[in-house]
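Below is one structure, written out as structure tokens; the observations come after it.
Residue numbers (this note's numbering), protein chains in the order written: chain A, -3 to 158; chain B, -3 to 158.
Structure (structure tokens):
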């Protein structure tokens, strides 16, 4: 999981973590208090991971937040979509009413398109909040989806409670 | 500060903290790692407080986030506006380029109006993300303001580095 994280943040184009982020911060992000993380395995190793947390405490705790990372060697193979669908079902199963992404980098068009195809809407545009490694200050989106229509049929992936 | 916090969250209409939030959570919120908090004093006691944190790590750390609470007995006396102006200057002084509020409850019209009067725009609407004690699920706003036009003249308030 660390190698996927380190690979992803090295590109400086999708996550706010600086490329020099220490391993302890990655561990806190993926396995800190209140975090549940899930992995996808293929060919005997982890190729993708996602996490679910509540987006706010108490009176806002009915809305989930999630994050996703796919091993670069598995990019474009549907791992993100597979995890996205599983994540929506898992959040629904756990009783969340909706899911919100707080910081989808606008120039990460593959991610924006994926989430839109899975029913998320852009509900906010944050001007210049991400310092893109190559493009400089770019916008990020807040994306949101109700979970009320989510079908709970399929089985869960391998999961690890943090 | 605890008594102001406890009073505010008891109303269940402005902050996501549940009314039963323990003191330790309030302490972490106002004085945890990376948090700088400031207080306004009047008649020998604290009547308002605000905090500034970075809203994201690394590549998003040029945007500040802030939170405000005013003692209920001092509500409507301009303490919020005073702190808001000071907060904008302080964030600018510290080098932030912009300020973002992630969760302004839409029915808290006094707060929304105050922030709009101080130059903030609603850049996102989060559907039903706050469970209001009396009104049920209501929207919250994401509000944003550039700090590039902020005048740094006036002196700071009493400040406490957490």
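C-beta atoms are modelled at their ideal positions from N, C-alpha and C, and glycine is treated no differently.
Predicted model only: the values in this text are computed from it and were never measured.
Answer yes or no: do residue 169 (chain B) and residue 95 (chain B) have a C-beta to C-beta separation smaller than 8 Å? With chain B running from -3 to 158 in the structure shown, residue 169 (chain B) is simply not present.
Going straight from the alpha carbon of residue 11 (chain A) to that of residue 115 (chain A), what length do you get? Residue 11 (chain A) and residue 115 (chain A): Cα-Cα distance of roughly 22 Å.
I'd like to check one pair, residue 13 (chain A) with residue 65 (chain A): are the Cβ atoms closer than 8 Å? Pairing residue 65 (chain A) with residue 13 (chain A) gives a Cβ-Cβ distance that is not under 8 Å.
May I ask which residues mark the beginning and end of the alpha helix (DSSP H) holding residue 81 (chain B)? 75 to 89
Could you compute how far the alpha carbon of residue 7 (chain B) sits from the alpha carbon of residue 104 (chain B)? 12 Å
Just grab the DSSP bridge partners of residue 101 (chain A) for me. A:136
Kindly list, in the order they appear in chain E, the residues whose Cβ is closer than 9 Å to that of residue 127 (chain B). Going by chain labels, chain E is absent from the structure shown, which instead holds the protein chains A and B.
For chain A, is any of its Cβ atoms less than 8 Å away from the one on residue 122 (chain B)? yes
Alpha carbon to alpha carbon, how far is residue 35 (chain B) from residue 159 (chain B)? Give it in angstroms, no decimals. Limits of chain B in this structure are -3 at one end and 158 at the other, which puts residue 159 (chain B) out of reach.
For residue 38 (chain A), collect the residues of the same chain with a Cβ closer than 6 Å to its Cβ; drop the 5 residues on either side in sequence, then sort them by chain order. Scanning its chain for C-beta atoms nearer than 6 Å, with the 5 sequence neighbours on each side dropped, one finds no residue around residue 38 (chain A).
Would you say residue 73 (chain B) and residue 62 (chain B) are within 8 Å of each other, going by their C-beta atoms? no
Mind checking residue 102 (chain A): buried by the 16 CB within 10 Å criterion, or exposed? buried
Length-filtered (4 minimum) alpha helix (DSSP H) runs lying within the segment 10 to 82 of chain B: Taking only runs of at least 4 residues, the alpha helix (DSSP H) segments lying wholly in the segment 10 to 82 of chain B are 19 to 27.
Backbone secondary structure at residue 167 (chain A) - three-state DSSP: Here chain A comprises residues numbered -3 to 158, so residue 167 (chain A) is not present and cannot be evaluated.
DSSP three-state call for residue 1 (chain A): helix, strand or coil? Looking at residue 1 (chain A) - three-state DSSP - the assignment turns out to be helix.
Quick check on residue 41 (chain B): buried or exposed, where buried means 16 or more other Cβ atoms within 10 Å of its Cβ? Around the beta-carbon of residue 41 (chain B), fewer than 16 other beta-carbon atoms lie within 10 Å, marking it exposed.
Classify residue 110 (chain B) as helix, strand or coil using the three-state DSSP reduction. Helix at residue 110 (chain B).
Cross-strand partners of residue 122 (chain A) (DSSP beta bridge): A:136
Measuring only the C-alpha atoms, how far is residue 107 (chain B) from residue 77 (chain A)? 39 Å
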